[in-house]
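Trainee:
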Amino acid sequence: MNWLRPKFILPAVGVSAMPLLAADNAPFNYEIISALPDSKWEVNYKDGVATYSNGVIVISEDTILSADRVTFYQDADSRASGEVLAMGQVRIQRGEQIWVGETIRYNFITGDLMADSFRTGQPPFFVAGVTLDGNEETGLYTGYGVTLTTDDYAEPAQTVRARSVGIAPGEYVELYSPTLKLGPVPILWLPYMKRSLKSHPSFFTVFPGYRSRYGAYVLGGYHWFHEDDAALVLRTDYRSRRGFGTGLDLTYDLGRFGDGDLSYYWTHDDDAGLNRVGDGINPARQRFRFYHRADIEPDFTARAMMRYQSDDFIVRDFFESEYRDNVQPGSYVELEKNWSNFGLNIFAQPQLNGFQETVERLPDVKFSAYRQQVGVTPLYYESETTSGWYRRSFADDILPEFSAFRGDTFHQIVWPNMFWGWLNFMPRAGGRFTYYSEAEGPGAVTTEQTRGVFNTGAEINFKASRVWSDAKNEFLNVEGLRHIIQPSINYVFVPEPGVRPPDLPQFDYELNSIRLLPVEFPDYNSIDTIDSRNSLRLGLFNKLQTKRANRIDNLLQWNTYTDWRLDPEPGQATFSDLYSELDFAPTDWVTLTSEVRMDVNDPRLLEGN
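Counting from 881, one number per residue, gives the positions in the sequence shown under the numbering used here.
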């Protein structure tokens, strides 16, 4: 469990219809929701007290309170006073501020709060303590025996322990007699410390370190903010093995005109190395990145992305996380308009970096009909129609480029069925027609072509589950278990097209992948590589769920699948590799992932991550 997570979700099973004392005269609006089916309430009209137990949620304007037991009090005029006493797993969320404790007395009207053994937080700071009291009108809360940290973990690595703390939510935190600790080790003591919770308009950051690739390094930055609509970082770096670097990062928000970011970096690299073809990289290296998005209407979006690099390895060498996300990023301009059942997309993609192979789309226009019911029939229809001028430009001109016009239209009918209330069976049938102009350019070898493709198939799957209500494990924070299993079979049949892939210009083709590609259309979108197919996708999905902090968490998810090729192509085995993808979450803040690929024809492990 997180030390304090600024997120709050509880299932609402039923809403109480019991009037809370003289609720009609209450000076504040509220809603009471039973968190569990067996929640109970008791009313003592003599003392002016009403108590809800066995789980309750109270919602009043921007405040949400949940607890095992909540007691409401009347004022002198027999009206609900707004004061409650909450006991057992208490959580109060008001705006971005969250308070957690076992016993909290709270007033929904004044915001007064008193607590024993509390936790609260507003990122990036989280606080826990022995006692707390405060008043929302003054905007100040006082806690005693407190621990403050910026680590959102059950066991924070760095903490500040203080005799007392004053908290003005959204404004500042002040600590009396604070001691800084790394783990259990005291590092620094101060008589008094005050820290603003607001973003500073400007500040410097310096990160020293050592890495074998860089040598000793210092990464410096000057940060400047303009309210909530702009932020700028000016960077100056030095790496003993690589030299100096400088750049800037800008993020902005133009309101209804959109938002985006811009980044530029330049370095004189003393150890630039070699490029992909073995030539030395120019030591003056730079990269530029620009992104903008504007939501012109709720269903009409414009996007623009520009990425320029002086060489193919600068992002890998100096921006590793970005490189892992996308090893060959592209530049594009995109307009997207959506309706309830249809969508229109215009996508233009040029080649900005000559060392990156690119399929230029100048532009590509796609009209989609999303899966929708055909009148009152049980059938559903979907389609995709694309057209555009495409040019395949190879990296460093290792092969001559070629270009052509292509128009493609795909239409499919599906028939979802459920038999006996548990077995899903969905047959489908579709077809596509594609036109190619005669290819142009020094690499052109194909002539004008038309191609028709028919496809059919069906998917069968079902879900089964079992619950173990008494299963418990403190180490894994398990309270009850539910196992869900879902086997599936997806059959696809595509007869041999009249024109096969070698006779077509290859723009949208199959890329090498460590995972199986989709087997059905339109998910399989390598339009120019479509060929005959007769195969079954066999899959088995397992999910293990438990309850944590009154919500359902996925403890384990395991997906295994393979293809059974009924009519394999030359060089293909009857069965593809077997793939396994497993996610295991021992806590709600850590997930362990395993990806495995095995050769089932010659049993051996091919890949394990």
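We put the CB at the ideal spot given by N, CA and C, even for glycine.
Given a threshold of 16 other Cβ atoms within 10 Å of its Cβ, counted over all protein chains shown, does residue 1008 qualify as buried or as exposed?
Mentor: The residue in question, residue 1008, is buried, as its Cβ has 16 or more Cβ neighbours within 10 Å.
Trainee: Thinking C-beta only, is residue 929 closer than 8 Å to residue 953?
Mentor: It is a contact, given that the beta carbons lie within the stated cut-off.
Trainee: By alpha-carbon positions, which one of 1085, 1090 and 1264 ends up nearest to residue 1101?
Mentor: Measuring from the Cα of residue 1101, the nearest candidate turns out to be 1085.
Trainee: Could you tell me if residue 1160 is buried or exposed, where buried requires 16 or more neighbouring beta carbons within 10 angstroms of its beta carbon?
Mentor: The residue in question, residue 1160, is exposed, as its Cβ has fewer than 16 Cβ neighbours within 10 Å.
Trainee: Please state whether DSSP places residue 1199 in a helix, a strand or coil.
Mentor: Residue 1199: coil per DSSP, three-state reduction.
Trainee: Identify the continuous beta strand (DSSP E) that holds residue 1252 and give its terminal residues.
Mentor: Taken as a continuous stretch (DSSP letters only), the beta strand (DSSP E) holding residue 1252 covers 1238 to 1253.
Trainee: Would you call the segment 1323 to 1335 and the segment 1380 to 1387 touching, i.e. three or more CB-CB distances under 8 Å?
Mentor: At 8 Å Cβ cutoff, the stretches touch.
Trainee: For residue 1194, does the three-state DSSP call read helix, strand or coil?
Mentor: Helix.
Trainee: From residue 1176 to residue 1183, what distance separates their C-alpha atoms?
Mentor: Cα to Cα, the separation comes out at about 10 Å.
Trainee: Determine whether the beta carbon atoms of residue 1138 and residue 1173 lie at a separation below 8 Å.
Mentor: Yes; because the gap between Cβ atoms is below 8 Å, this pair is in contact.
Trainee: Using beta-carbon positions only, say whether residue 1442 and residue 1458 come within less than 8 Å of one another.
Mentor: Yes.
Trainee: Within 8 Å, do at least three Cβ pairs link the segment 1415 to 1426 to the segment 1291 to 1308?
Mentor: The segment 1291 to 1308 vs the segment 1415 to 1426: no contact.
Trainee: Measure the alpha-carbon distance for residue 1169 versus residue 1128 and round it to whole angstroms.
Mentor: The alpha-carbon atoms of residue 1169 and residue 1128 are separated by roughly 11 Å.
Trainee: Might you give, ordered along the chain, the residues of its own chain that have their beta carbon closer than 7 Å to the beta carbon of residue 1119, omitting 5 neighbours on each side?
Mentor: The residues are 1094, 1095 and 1097.
Trainee: Over the uninterrupted beta strand (DSSP E) stretch that includes residue 1340, give me the two end residues.
Mentor: Counting along the chain, the beta strand (DSSP E) containing residue 1340 begins and ends at 1329 to 1342.
Trainee: Whose C-alpha, out of 1253, 1249, 1258 and 1469, is nearest the C-alpha of residue 1265?
Mentor: Selected option, being the one with the closest Cα: 1249.
Trainee: State the DSSP-derived secondary structure class of residue 1129, mapped to helix, strand or coil.
Mentor: Strand, per DSSP.
Trainee: From this set, 1041, 987 and 1214, which residue's C-alpha is nearest residue 939's C-alpha?
Mentor: Looking at the Cα atoms, 987 is the closest of the given residues.
Trainee: So what's residue 1463 in DSSP terms, helix, strand or just coil?
Mentor: In the structure shown, residue 1463 sits in a strand (DSSP, three-state: E or B).
Trainee: Using the C-alpha atoms, what's the distance from residue 1090 back to residue 1190?
Mentor: Rounded to whole angstroms, residue 1190 to residue 1090 spans 26 Å at the Cα level.
Trainee: Which of the three DSSP states, helix, strand or coil, is assigned to residue 884?
Mentor: A caution first: residue 884 carries a pLDDT of 30, below 50, which makes its placement in the model unreliable, though a value can still be read off. Of the three classes helix, strand and coil, the one that applies to residue 884 here is coil, per DSSP.
Trainee: Quick one: grab the DSSP three-state call for residue 1167.
Mentor: DSSP places residue 1167 in strand when its eight states are reduced to three.
Trainee: Quick one: any contact between the segment 1267 to 1284 and the segment 1365 to 1379, if contact means 3 or more CB pairs under 8 Å?
Mentor: No: fewer than three Cβ pairs fall under 8 Å.
Trainee: Under a three-way DSSP split, which group does residue 1161 fall into?
Mentor: Reduced to three states, the DSSP call for residue 1161 is coil.
Trainee: Helix, strand or coil for residue 1382 per DSSP?
Mentor: Of the three classes helix, strand and coil, the one that applies to residue 1382 here is helix, per DSSP.
Trainee: Less than 7 Å between the CB of residue 1399 and some heavy atom of the ligand MG, yes or no?
Mentor: With respect to small molecules bound, the structure shown includes none, and the ligand MG cannot be examined in it.
Trainee: If you draw a straight line from the alpha carbon of residue 1364 to that of residue 1345, how long is it in whole angstroms?
Mentor: Approximately 4 Å, taken between the alpha carbons.
Trainee: Among 1143, 1426, 1023 and 946, whose alpha-carbon lies nearest the alpha-carbon of residue 997?
Mentor: Taking only the C-alpha atoms, the option nearest residue 997 is 1023.
Trainee: Compare the beta carbon distance of residue 1066 and residue 1042 with 8 Å and say whether it is the shorter of the two.
Mentor: Not a contact, by the Cβ cut-off of 8 Å.
Trainee: In angstroms with no decimal places, state the Cα-to-Cα distance between residue 1337 and residue 1373.
Mentor: One C-alpha to the other measures close to 6 Å.
Trainee: So, using beta-carbon positions, are residue 972 and residue 1012 closer together than 8 Å?
Mentor: No, Cβ-Cβ distance for residue 972 and residue 1012 is not below 8 Å.
Trainee: Check the DSSP bridge columns for residue 1433 and list the partner residues they point to.
Mentor: Looking at the DSSP assignment, residue 1433 forms a beta bridge with 1426.
Trainee: Would residue 1171 and residue 1141 qualify as a contact pair, given that the criterion is a beta-carbon distance under 8 Å?
Mentor: Yes; because the gap between Cβ atoms is below 8 Å, this pair is in contact.
Trainee: Evaluate residue 966 with the Cβ neighbour count: other Cβ atoms within 10 Å of its Cβ, from every protein chain shown; 16 or more gives buried, anything less gives exposed.
Mentor: Residue 966 should be labelled buried.
Trainee: Opposite residue 1172 in the DSSP bridges: which residues?
Mentor: BP columns for residue 1172 point to 1140 and 1184.
Trainee: Over the uninterrupted beta strand (DSSP E) stretch that includes residue 987, give me the two end residues.
Mentor: First-last of the beta strand (DSSP E) with residue 987: 977 to 987.
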